[in-house]
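Read the structure below first, then the notes.
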Amino acid sequence: MLQTLLPILIFAALAVGAAGAVRRIRLWRQGRRTPMRWHRLALMPKRYLNDLHHVVARDKAIAHTHVATAGGFVAAMALALVVHGFGWRNPILGGLLLAASLCMFLGALAVNRRRIDPPPKLSKGPWQRLSKSLIAYSVGMFLVSLPLVGVAPTVLGGGVLAIVLAAVLVWGLLEMVVGMGWGGPMKHAFAGTFHLAFHRRPERFDDNHPDASPKKTHDVHRGSRSTALFPLDLTAKTLGVEKPADFQWEQLLGFDACVQCGRCQNVCPAYAAGQPLNPKKLIQDMVVGMAGGSDAGYAGSGHPQQAGGIEVGKPGFGNHRGGPTDAIVPQLVEAQTLWACTTCRACVEECPMMIEHVDAIVDMRRFITLERGETPEKGAAAIDNLIATDNPGGLDNASRLDWAADLELPRIQDRPEGVDVLLWLGDGAFDMRNQRTLRSLVKILRTGGVDFAVLGEEERDSGDVARRLGDEATFQRLAERNIATLSRYRFARIVTADPHSFHVLGREYGAFGGDYVVKHHSTFIAELFDGGRISVTAPTQAETVTYHDPCYLGRYNGEFAAPRQVLAALGLEVAEMERSGYRSRCCGGGGGAALSDVPGRARIPDMRMEDVRETGATTVAVACPQCTAMLEGVVEPRPRIRDLAEMVADALVEPTAATNATSAPSQSREEEPA
Amino acid sequence: MPQPDPQAAAGTPHDVKTAVLVSSGRHPVSGRAGRAREDARAVEMGLSLVGADLSLVHAGDPEQASLRESLEGYLGMYHGLDGGRPGDERDGQLSLLPLRAGEDAVPLLAAWLERSGVRLALTGQRAECGEGSGMVGYLLAERLGWAIATGVAAIERCDAESVTVLQALPQGQRRRLEIRLPCLIAVDAVAEAPRQSAFGPARRGRIETVDDLLPADESRLDTGSAGWQWQPARARPKRLKVVKSTNARDRFKAAAAKSSASGGQVLTDLSPEEAAEKLIDYLRAEKILAQDDQ
Ligand code: SF4
Ligand code: SF4
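Here it is in structure tokens:
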């Protein structure tokens, strides 16, 4: 009986699943269309096995579980199609099918063990059911295939047992094949496949990099750091994303690929601080919006402080509704959720499905700011100031160099022949704390005999904050003006102590015609050490220091080594925090979050300071004016906060008088007209 | 709307054609053009009163490079207009009355207000550039025979006949005034802060040039200012009133005082001659008129 039933079951499941899949594809294609690049489908297997697997493999146990389950399933399904579907009942194939089912069964057991008392990051509901369905499918497939190798044919030939077995198999097929197309948990495999192929940032994958080395460990970022925000066409009909259909279709596809693993939730600083943002829930909200309906079916942690809250599986969801052409804010997602994000990219870095949360959040912020004019109050004030005065504080831009009145900084305007280094000051130049850092940096440059100059009042804000707050118009205006200014002067490279300027100038101006070699001061100082151009005295007493990786330096631009190199050159031992390097926890100051200041249960910098304290460090080295400000805002007593430049400047060995006389700065001073 | 409206008898604010006279602002730090701060508050007041029914008008030199930027700043405020009709998402509209060198804005504005049937006109108290005399409101009201209220902090109520406003007085005091329409209201800097100017609505807002209001003849010329002498403004020294009190409350009150509100007198029932006499005496006492100045 089963022999006749099996092909029917398998083909019926495939047909129904395919119908669901077509419907699902239509849902994705509601988004804005882009030219289709079908050949990218060919890239998918490698992207899956290489790029995706390496992210999954940061958690070894899960990686093994997934390989066994998914690999077992794919093999079992393919073989079942041949053996049971087309009826090529070859004992060797049958043996392989048994082996694949067994492999899947073992994986399913591991999945089930994890599901006994699932950690709060995981979703329950259908995902809890999936673990059982995996067993049903693997066991069912194993048992029906036993006759192929001549075992127990009579027992399974007919009667009640056969019916039970058929039922189990139907359950497995429904979940694994039909559910894949119709939006069950297995949807992740189907959507994920296409998402990997049509990812909006192909640069993130190794296949875009001929030199990608296979020797990289799992913890190393694969591909390149494709982190620049996409420019917005300011002549478009509506600006930014108001409704799910305003996303590009690849983005909708990406949301649909989410496996609700909760890795993003675990690393999100806003979520940890109890602010109403859970990146995992946000992605699910987008799926709800795309498919239409309410979030009642969501079975994971919600956005803190909102209906449903963070308790897993607690009822209360269902109040937020959406549809592909309905406005997202506030019915589906509340504005506070979007403004809580610090754009730290921890979620993106951690997501095994390579979903781009930050792009989505900024897209929605763009609509709120550019069309609705509802930027949080302080953010709107900063934008107004940027428009009127080119700096977020509304200060006279000509006072940008006031802190250096006694330093006689060389101006690039006086150096038509060009300089080696253009020192980009950033808006930290208006902040008294950061001025100490800048003075230290100037001292280092002078000691190292660096030929540098500054733009002075011609420098404007890079546009970082405006852009993250969604004001692409102000960003583009600032970018264009800065690029026009820079085009008038000659310099070999730009050095800045501000990772945000570093990122924007180095990565985001390119789209507007500004291509520069930009170096963060940590990189540049490390080079000065390497070149033997500066030297330092050994520390007088042993001290434990730790280093806080700024998001825009580390995760955004991959510079983890240089700051540590500088600390090593200073003879300091670095006690690393648990979350450091690519897993560094944000200080809470990025993405305009310090301006929107969404209330939470804790403050993000306080939590980061706890991380620092755990290392026993008495000093935390920082490399960003924003991190400095946020961490110094933590109440005392707390470890000292010192910028790398300050630490180096304090330990510098002053050059002798002879070398001083020939150093670049004094030369340029002589050139100045009296 | 079907439901009974308590104001139906006298009409809703939407029945009153409302316009804001806007000018080009000048940022106090950078000097860049943008929304003028008081005018932006006037627009905010108008938008929360009548939503997108509000019209804007500006008389100025259309050739000026930064003009569009400042005017778009006001048009960008046409969003989230639940204070008007809910969900109203019409774009803003501004009438630009071209003003050539040597011409006076007042006759043009008056002609425009009359032609468009405006009964409630809002504006800031003083422009941030140009003459900045703060006189436009008075001159317009005089010419049109309208009432004028200055220093207005809020509009409490408005119907087809009259409008009730709160006038800002020093030290946070407010005076309630009921004014017959048509009238002109000059908005104070303590009025509700203006909403954010958004790029999208600013870009969509329409600026319409109206140049057929008056024949291009003598009547448009600003004869008064022709003979003026121009010189850069100097920051005027503030009159200090040192309060030598050991009482913190008194010192705080003195410091927070907007201008001295005490010591004045209210004179009523005087003949025009007596009133003029009193004013001249006062100006002499304040050394604004020289003693021998007639
Ligand atoms: S970018 Fe950072 S703050 Fe924003 S959702 Fe992701 S993890 Fe949370
Ligand atoms: S968005 Fe990515 S990290 Fe977050 S739950 Fe989904 S798959 Fe996991």
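Chains as they are written, first to last, in our numbering: chain A, 74 to 747; chain B, 1337 to 1630.
Built from N, CA and C at the ideal position, the CB exists for glycine as well.
Item: Nearest neighbour of B/Gly-1416, chosen from A/Met-363, A/Ala-635, A/Pro-623 and A/Leu-443 [CA to CA]; Value: A/Leu-443
Item: Near-chain A residues of the segment 1349-1380 of chain B - C-beta to any C-beta below 8 Å; Value: His-1363, Val-1365, Ser-1366, Arg-1368 and Gly-1370
Item: B/Leu-1513 versus B/Gln-1400 - alpha carbon distance; Value: 39 Å
Item: Close beta carbons around A/Leu-326, own chain, < 7 Å, minus the five adjacent residues each side; Value: Trp-101, Ala-264, Phe-267, His-268 and Phe-271
Item: Same chain only: Cβ atoms within 6 Å of B/Ala-1446, ignoring 5 sequence neighbours per side; Value: Leu-1476, Arg-1479 and Leu-1480
Item: Proximity test, Cβ basis, 9 Å: A/Glu-447 and chain B; Value: yes
Item: Contacts that B/Arg-1531 makes with chain A (C-beta to C-beta distance below 8 Å); Value: Gly-446
Item: Three-pair Cβ contact test at 8 Å for the segment 615-625 of chain A versus the segment 642-661 of chain A; Value: yes
Item: Proximity below 9 Å, CB of B/Val-1523 to CB of B/Ala-1611; Value: no
Item: For B/Ser-1431 and B/Ser-1402, believed in contact at Cβ under 8 Å, the rounded distance; Value: About 19 Å; that fails the 8 Å criterion.
Item: Chain-ordered neighbours of B/Gly-1416 on chain A, where CB pairs are closer than 8 Å; Value: Arg-445, Gly-446 and Glu-447
Item: Three-state class that DSSP yields for A/Leu-82 in the structure shown; Value: helix
Item: Option in A/Ile-485, A/Asp-487, A/Pro-483 and A/Arg-473 with minimal Cα separation from A/Tyr-507; Value: Just to set this straight, residue 507 of chain A is Asn in the shown sequence, not Tyr. It is A/Arg-473 whose Cα lies nearest to the Cα of A/Asn-507.
Item: Residues of the segment 458-476 of chain A whose Cβ lies closer than 8 Å to any Cβ of chain B, in chain order; Value: Ile-460, Ala-461, Thr-462, Asp-463, Gly-467, Leu-468, Asp-469 and Asn-470
Item: 8 Å Cβ cut-off: residues of chain B touching A/Ala-372; Value: Chain B residues near A/Ala-372: none, gap ~35 Å exceeds 8 Å.
Item: A/Ala-419 Cβ short of 8 Å to ligand 2 heavy atom set; Value: no
Item: Boundaries (first-last residue) of the beta strand (DSSP E) holding A/Phe-303; Value: Looking at the DSSP string, A/Phe-303 is not in any beta strand (DSSP E), and its letter there is neither H nor E.
Item: Distance cut-off 8 Å: A/Ile-52 Cβ against heavy atoms of ligand 1; Value: Nothing about residue 52 of chain A can be reported from this structure: the residues present for chain A run from 74 to 747 only.
Item: Short Cβ contact (9 Å threshold) for B/Asp-1375 with B/Tyr-1414; Value: no
Item: Own chain, CB closer than 8 Å to B/Leu-1444, minus 5 neighbours either side, in chain order; Value: Ala-1395, Leu-1433, Leu-1435, Leu-1549, Leu-1550 and Arg-1556
Item: Closest Cα partner of A/Gln-357 within the set A/Met-214, A/Lys-260 and A/Val-95; Value: A/Lys-260
Item: Sequence-distant residues of its chain with Cβ nearer than 6 Å to A/Gly-93 (five each side left out); Value: Gly-254 and Trp-255
Item: Per-residue burial, B/Ala-1626 [other beta carbons within 10 Å of its own, 16 or more giving buried]; Value: exposed
Item: DSSP three-state assignment for B/Cys-1519, whether helix, strand or coil; Value: strand
Item: 9 Å Cβ cutoff, B/Gly-1541 in contact with chain A; Value: no
Item: Cβ-based contacts, 8 Å cut-off: residues of the segment 414-444 of chain A near chain B; Value: Thr-442, Leu-443 and Glu-444
Item: From A/Gly-382, A/Gly-198, A/Thr-142 and A/Gly-160, residue whose alpha carbon lies closest to that of A/Ala-173; Value: A/Thr-142
Item: Proximity below 9 Å, CB of A/Val-431 to CB of A/Ile-485; Value: no
Item: CA-to-CA distance, B/Gly-1428 to B/Pro-1537, given in whole angstroms; Value: 7 Å
Item: is_contact[A/Leu-750, chain B] using C-beta, thresh 9 Å; Value: The structure shown does not extend to residue 750 of chain A, since chain A is modelled only from 74 through 747, so no value can be given for it.
Item: Local conformation of B/Arg-1373 per DSSP, three classes; Value: helix
Item: Check: A/Gly-654 C-beta below 8 Å from any heavy atom of ligand 3; Value: In the structure on display, ligand 3 does not appear, and the ligands it does have are ligand 1 and ligand 2.
Item: Extent of the continuous beta strand (DSSP E) run through A/Tyr-620; Value: 617-620
Item: Residues that B/Ala-1388 contacts on chain A, provided the C-beta gap is smaller than 7 Å; Value: The premise fails here: B/Ala-1388 is roughly 14 Å from chain A at the closest Cβ pair, so nothing lies under 7 Å.
Item: Any C-beta of chain B under 9 Å from that of A/Ile-401; Value: no
Item: Unbroken beta strand (DSSP E) run spanning B/Gly-1460, endpoints; Value: 1456-1460
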